[in-house]
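First comes the structure, then the notes that go with it.
2 protein chains.
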Amino acid sequence: MLVARVIVDVMLKPEILDPQGRAVQGALGRLGLTGVADVRQGKQFVIDIDGELDEDRRAKFEELAGELLSNPVIEDYRMTVVANDEAGA
Amino acid sequence: MLVARVIVDVMLKPEILDPQGRAVQGALGRLGLTGVADVRQGKQFVIDIDGELDEDRRAKFEELAGELLSNPVIEDYRMTVVANDEAGA
Numbered sequence: 084m085l086v087a088r089v090i091v092d093v094m095l096k097p098e099i100l101d102p103q104g105r106a107v108q109g110a111l112g113r114l115g116l117t118g119v120a121d122v123r124q125g126k127q128f129v130i131d132i133d134g135e136l137d138e139d140r141r142a143k144f145e146e147l148a149g150e151l152l153s154n155p156v157i158e159d160y161r162m163t164v165v166a167n168d169e170a171g172a
Numbered sequence: 084m085l086v087a088r089v090i091v092d093v094m095l096k097p098e099i100l101d102p103q104g105r106a107v108q109g110a111l112g113r114l115g116l117t118g119v120a121d122v123r124q125g126k127q128f129v130i131d132i133d134g135e136l137d138e139d140r141r142a143k144f145e146e147l148a149g150e151l152l153s154n155p156v157i158e159d160y161r162m163t164v165v166a167n168d169e170a171g172a
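Residue numbers (my numbering), protein chains in the order written: chain S, 84 to 172; chain W, 84 to 172.
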């Protein structure tokens, strides 16, 4: 069956403070990992689609990635199509 | 300066129910994207390290990725070194 897999990574914009990332940075240091300069924590959506991801659905997808999956005021998103072809059921 | 960037993706194991992903799947459908078969939502950590990521620090990193950044009972993680060389300041 034709299936597509799309990954959407959502990350706070660089100028937005990331307290979760900062907490992880501190914890990594305390637990013995030296030289951690910066940590940013984001979200990742792995989305499987039935059938091929054609132009129309891809455009709709881009729209929803920018408006539903991420908050355009404070977040950036990156959409990656990792598969768009024949795959096992 | 020598810097390394590591990305750790943390995702619920396939057999664990993902209510956030299920909610996103429903919302994508209601907002007009057809054929969404499955959505899984995970976390992504983007970590910048001062200096090269040598074998020792890499092993420490793997340990912390599996214990601090993810919960091994319910989550899988994937660690990707995306840069480990000279970069602009």
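Backbone N, C-alpha and C fix where the C-beta goes; we use that ideal spot for every residue, glycine too.
Exposure of residue i, with buried meaning 16 or more beta-carbon neighbours within 10 Å
i: W/G104; result: buried
i: S/R161; result: exposed
i: S/A172; result: Residue placement at S/A172 cannot be trusted, given a pLDDT of 39 that sits under 50; what the coordinates show is reported in the next sentence. The residue in question, S/A172, is exposed, as its Cβ has fewer than 16 Cβ neighbours within 10 Å.
i: W/V165; result: exposed
i: S/R140; result: buried
i: W/L114; result: exposed
i: S/D137; result: exposed
i: S/D101; result: buried
i: W/A170; result: A caution first: W/A170 carries a pLDDT of 47, below 50, which makes its placement in the model too unreliable to give a value.
The ligand NAP heavy atom lying under 7 angstroms from the CB of residue i
i: W/N167; result: The ligand NAP is not part of this structure, which contains no ligands at all.
Residues that residue i bridges to, as DSSP identifies them
i: S/L95; result: S/E158
i: W/V164; result: W/V89
Cutoff 7 angstroms; reference residue i; Cβ partners in own chain excluding five residues on either side
i: W/E135; result: L85, A87, N167
i: S/P155; result: G149
i: S/I75; result: Given a span of 84 to 172 for chain S in the structure shown, any question on residue 75 of chain S remains unanswerable.
Cβ neighbours of residue i in the same chain (closer than 6 angstroms, five flanking residues each side left out)
i: W/V129; result: I90
i: S/L151; result: none
i: S/I99; result: I157
i: S/L201; result: Because chain S here runs from 84 to 172, residue 201 of chain S falls outside it and cannot be looked at.
i: S/S153; result: V93, Y160
i: W/A191; result: As displayed, chain W neither begins before 84 nor continues past 172, which places residue 191 of chain W out of reach and without an answer.
i: W/Q108; result: V119, V122
Neighbourhood of residue i by C-beta, 8 angstroms cutoff - its chain only, sequence neighbours within 5 removed
i: S/E145; result: M162
Please give the ranges of any beta strand (DSSP E) in the segment 114–150 of chain W, keeping only runs that are unbroken, at least 3 residues long and fully inside the region.
119–133
Could you say if the segment 117–135 of chain W and the segment 87–107 of chain W meet the contact criterion of at least three C-beta pairs nearer than 8 angstroms?
yes
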